[in-house]
Every structure is written in C-alpha cells, then in structure tokens.
C-alpha cells in the first residue's frame with residue numbers, strides 16, 4: 001500500500017480552477033447526536049443516529065453528559081460542544097481520478113478559550129489508504145490542531161488547505177474533542193477543487209499497462225498495452241518510443257480515432273504481431289533497451305519527429321526499461337511517472353527473472369511475468385470490480401456486484417458489521433478464476449435488528465491473497481412504528497399498525513412526563529408540540545407486547 005505524505009498549509013482562503021466537491025451541510029440542521037449519552041446510551045447508539053447525508057458518525061459518545069452537549073449540524077455547519085471523547089464524521093468516497101490533481105480546503109474554528117487537550121484531527125483516505133495529517137497548530141505532534149496551554153486564545157477562523165493531491169478516490173475523516181461547554185468547535189465549507197490552473201483539460205486516466213519488447217528469435221509478439229476506463233477515447237494521445245542511445249525519439253504513433261475496448265484495454269502491436277488481442281498494428285519494432293516509451297496528451301506524432309529529445313511537457317505516463325545488463329539510463333528518467341519508485345529503481349528490467357524472451361513488463365509497481373494482454377496488472381489482485389450495490393427490500397438486504405475481468409480469483413467472502421468496525425462472514429460466492437467480460441454476482445441477507453448495517457466484499461485469489469471492497473451501508477427501521485419528523489417546532493406524526501391500540505408518552509430529558517394519551521386507535525395520530533418548551537423529548541409508543549422510544553428535538 002502506498003503512503004502519501006500530505007502537508008497542510010494555514011491560509012486565509014484558497015481558490016481553485018473548478019469545484020469538484022463542496023459540503024456546506026445545507027438543509028441538514030439537526031442531524032447528529034444530542035446528549036446525555038451517559039445516562040441514556042441507547043439513544044446515542046451510533047448505528048441509529050441520523051447522520052448528515054453522505055457522512056457517517058463514528059467514535060465514542062459516552063462522555064456527552066448533558067442536554068447541552070452535541071455533535072450535530074447547527075446553522076448548516078458541523079458543531080461539537082463538550083465532546084469529552086473523540087467523535088468523528090466520515091465522508092463517502094469522492095471521485096477524483098479524472099483530474100491530474102486536486103486541491104482541498106476545510107474551514108475549522110473554535111469559539112471560546114480552549115484547553116490543551118482540545119483537538120481536531122483530519123484524516124484523508126486516498127485510494128483507500130488511510131493517512132493522518134500531522135500537527136499544524138500547537139505543540140502536540142499527535143494532532144492536526146490542538147491547544148498549546150490552558151486558556152490559550154481561540155483559533156479564530158482557520159482554513160486548512162492542501163494542493164496537489166492525486167489518486168482515484170478521496171475520503172475525509174474529521175475527528176474532534178473538546179472538554180468544556182463554554183467552547184464550540186465548528187467545521188464548514190469542505191471543498192475539493194481541480195488543482196490544474198493552466199486552463200488545459202486534464203489527461204483522461206489512461207496508462208501504460210504492459211510492455212513486451214523482446215521475444216525469442218524473430219520478435220513477432222511485441223506489444224504495448226494501454227488501460228483505463230472502458231471505452232475511453234484516445235483522441236489527443238500519442239505514443240512515443242525513445243532510444244536510450246541519445247535519449248531521443250525513434251517513432252511516434254497518433255491514437256486519434258481509437259478508444260479502449262469494453263474491458264478498458266488497447267493494445268498496439270508491432271511488426272509481424274497479428275495476434276487476436278491487437279487493437280492497432282503498426283510498422284517497426286520495439287527496441288530491447290535500455291530504452292523508453294512515453295504516452296503524451298494534447299500532442300501529435302508530428303511533434304516528435306525522429307531525434308526529438310525526451311520531454312515532460314504533456315507526459316501522461318511513461319516507462320524506461322532494459323533487457324539484462326544494459327546499464328542505467330538517467331537521461332530517460334523524465335519518463336519516471338510512478339511515485340512508488342525513485343532513481344535507478346524506476347528503470348524496469350524485463351530480464352529480472354531471467355526470462356526476457358518469455359516475460360513482459362507489467363503494471364502494478366512494475367513487475368515481470370508471462371505476458372497477459374487483455375488483463376489488468378494495476379492491482380496485485382487482478383479483479384476489476386465495477387459495481388457493488390446493496391438494497392433493502394422489507395427485511396432482506398440484496399447485495400449485487402459485477403466484475404469485468406478476473407485473473408486467478410478464487411472466491412468472494414461477504415462480510416457484515418453492525419458498527420462498521422467489527423465484521424463477520426455471512427456468506428461465500430465462488431469466483432470465475434480467470435475470465436474477461438461482465439460477470440454478475442448476488443447475495444441475500446435476512447436482517448433481525450434495526451439500525452445501520454455495513455457490508456463489504458473480501459476478494460480472495462487462488463494463492464490466498466485478498467483485498468477488500470469499499471463499504472456499503474443500509475439503514476433498517478421496522479415499518480410497524482414510526483415518528484416523524486425528528487426536528488420540529490409544530491406537529492409530530494406518529495404511525496403504528498392500524499389494528500393496534502397504543503399509549504403515547506412524551507418525556508423531557510430530565511424524565512418528567514410532558515404529555516400523554518392512552519388507548520389511541522386507528523394507526524395514526526398527529527400531535528402538536530407548540531405548547532411544549534423547546535428542547536429534546538423522548539416519545540414512547542407502548543402497545544400490548546412492545547415498547548419503542550424515539551427522540552425528537554422541539555426548537
């Protein structure tokens with residue numbers, strides 16, 4: 001797994017060329033937790049708390065001791081007041097793979113003097129690799145923003161920014177803790193912007209996936225394979241071949257009018273290679289090395305006449321390679337686009353395993369092995385999961401997922417969790433082992449409890465290696481009883497089975513009975529709360545064999 005070190009800057013504001021994602025929590029007031037959680041832990045169970053749309057609440061709410069403690073959206077911003085233990089908001093995945101890089105900004109402020117133990121931590125998950133953002137304010141190196149000493153001046157309006165973040169997906173986890181009801185931490189205006197301010201369109205996510213430059217005898221199977229999103233246009237791309245002797249071009253091929261196939265591949269075959277996997281046949285051959293290839297965007301083959309020096313302008317992806325003891329060519333290091341390597345390690349030897357005439361160079365931190373044109377090498381577990389969805393039908397969760405290719409895929413384990421942290425196996429589906437083309441899978445899970453339910457897939461290959469899918473979440477509520485809305489200054493609507501008779505009680509958070517009705521029939525009742533003092537109330541619905549509680553905020 002790659003670890004990308006992110007360093008935040010503190011500025012008064014930030015601008016970018018185009019907005020990709022913005023969260024200002026408009027229209028979501030009241031979503032979150034209101035204490036007291038210590039005296040009423042069931043009401044603060046995180047799997048039953050309504051979170052802001054697109055976000056999940058995690059952490060420990062047990063130290064929210066009073067009615068005035070909260071971790072909630074107020075005035076269309078996240079607020080934390082007297083959160084005695086760490087609580088976090090986690091966003092859903094944000095797609096950033098169609099941009100070269102993105103810029104991030106988050107507004108964070110604190111009202112009232114803060115103690116040294118107060119903090120805000122910001123975590124980023126880029127391509128599902130977790131990263132912690134180190135200290136920026138304060139002396140405590142364990143937190144992003146933290147108080148220096150007791151009664152330090154407040155933070156004011158702080159904007160954390162980071163430029164130049166790249167990857168396919170991005171997720172935020174923002175955690176807070178503050179220990180006094182006289183101070184409030186506020187989080188707002190979470191933005192992700194296109195970081196390319198040059199005005200030119202970013203290159204689509206097309207990459208060099210595999211190269212085979214040497215075969216035994218006549219080189220009849222040489223190829224370069226590209227990969228990316230299925231059916232992605234290759235207009236404005238050009239493939240350029242560079243000679244290590246002089247570090248200049250010896251051939252260039254325009255790819256205008258072509259596109260990746262339904263599985264996301266395009267294979268350029270050289271000379272006599274007329275294999276069925278070839279998408280484009282060109283004259284000439286690939287030199288054995290030390291040489292290089294570059295995939296450029298917004299340029300043409302005529303920009304690279306024979307003898308053009310290697311360049312970084314317009315470079316979308318590149319690779320320098322050798323076949324045996326050819327020596328290191330630092331002049332082609334311009335083509336090193338893989339962030340997982342440095343220096344000489346970026347030059348890949350097709351003969352690394354002694355099989356230069358039977359092996360190819362394949363993407364996946366670049367390794368060598370038997371050629372696999374038509375299959376991805378981007379992941380150590382070559383299974384491309386294009387869809388994973390969960391859907392609730394009555395009390396059954398329907399899981400469905402699809403792959404477009406699989407290589408040595410043994411099976412999928414379906415895992416379930418009630419809290420998003422501890423997962424258990426609930427089923428297995430056999431994989432297709434090795435295949436190319438769309439394959440659909442499904443699974444059903446019968447629920448026996450209300451609240452949030454988390455699901456993930458564990459994909460296991462034939463050698464025992466495994467990887468996890470992104471999480472999916474559904475919320476199950478028994479339709480037999482309902483109270484809505486949970487945030488009101490007027491009427492609350494209560495529903496139950498039409499043939500049932502219920503008793504209805506309204507309790508304040510101090511336990512005082514504020515309102516009651518008994519032997520209510522017809523399955524529906526609307527009750528005005530205007531006469532009640534603003535605050536949080538627990539509504540208890542009591543039937544012959546069941547009692548259920550709901551929390552409603554009267555403002």
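Residue numbers (the numbering used here): 1 to 555. We put the beta carbon where it would ideally sit given N, CA and C, even for glycine. Owing to the predicted nature of the structure, the values given are computational and were not obtained by experimental measurement.
Distance between residue j and residue i (C-alpha atoms, nearest Å)
i           : j           : result
residue 374 : residue 345 : 27 Å
residue 339 : residue 167 : 11 Å
residue 341 : residue 329 : 15 Å
residue 416 : residue 43  : 23 Å
residue 21  : residue 94  : 8 Å
residue 267 : residue 104 : 36 Å
residue 86  : residue 205 : 38 Å
residue 99  : residue 297 : 13 Å
residue 520 : residue 539 : 14 Å
residue 37  : residue 64  : 5 Å
residue 466 : residue 164 : 30 Å
residue 292 : residue 367 : 16 Å
residue 400 : residue 458 : 14 Å
residue 357 : residue 214 : 5 Å
residue 273 : residue 225 : 13 Å
residue 550 : residue 425 : 31 Å
residue 461 : residue 80  : 44 Å
residue 438 : residue 111 : 54 Å
residue 74  : residue 171 : 23 Å
residue 396 : residue 46  : 22 Å
residue 194 : residue 363 : 26 Å
residue 502 : residue 422 : 37 Å
residue 301 : residue 257 : 14 Å
Contact set for residue i: own chain, Cβ-Cβ below 6 Å, skip 5 residues either direction
i           : result
residue 255 : 234, 237
residue 489 : 555
residue 212 : 222, 223, 360, 371
residue 26  : 76
residue 454 : 417, 420, 471, 473
residue 337 : 317, 318
residue 121 : 143, 144, 175
residue 48  : 451
In DSSP terms, what residue i is bridged to
i           : result
residue 170 : 94, 126
residue 323 : Residue 323 is not bridged to any residue.
residue 542 : 503, 547
residue 472 : 455
residue 350 : Its beta-bridge partners do not exist; DSSP assigns none.
residue 191 : 22, 105
residue 49  : BP columns for residue 49 are empty, so no partner.
residue 227 : 207, 265
residue 158 : 108
residue 517 : 504
residue 32  : 72
Close Cβ partners of residue i (< 7 Å) along its chain, the five nearest in sequence each way excluded
i           : result
residue 548 : 481, 541
residue 552 : 483, 486, 488, 492, 537, 539
residue 127 : 167, 168, 169
residue 427 : 414, 443
residue 332 : 242, 244, 247, 292, 310, 320
residue 327 : 290
residue 299 : 238, 314
Own chain residues within Cβ distance below 8 Å of residue i, not counting five before or after
i           : result
residue 449 : 418, 476
Could you tell me which whole beta strand (DSSP E) segments of length 3 or greater appear in the stretch 382 to 436? 383 to 393, 396 to 417
At a cut of 8 Å, does the stretch 521 to 539 reach the stretch 489 to 508 through at least three beta carbon pairs? yes
For the stretch 346 to 353 against the stretch 305 to 323, are there 3 or more C-beta pairs whose distance is under 8 Å? yes
Looking at C-beta atoms only, is the number of pairs between the stretch 299 to 311 and the stretch 273 to 284 that lie closer than 8 Å three or more? no
4 or more residues per run - each alpha helix (DSSP H) lying fully within the stretch 244 to 322: none
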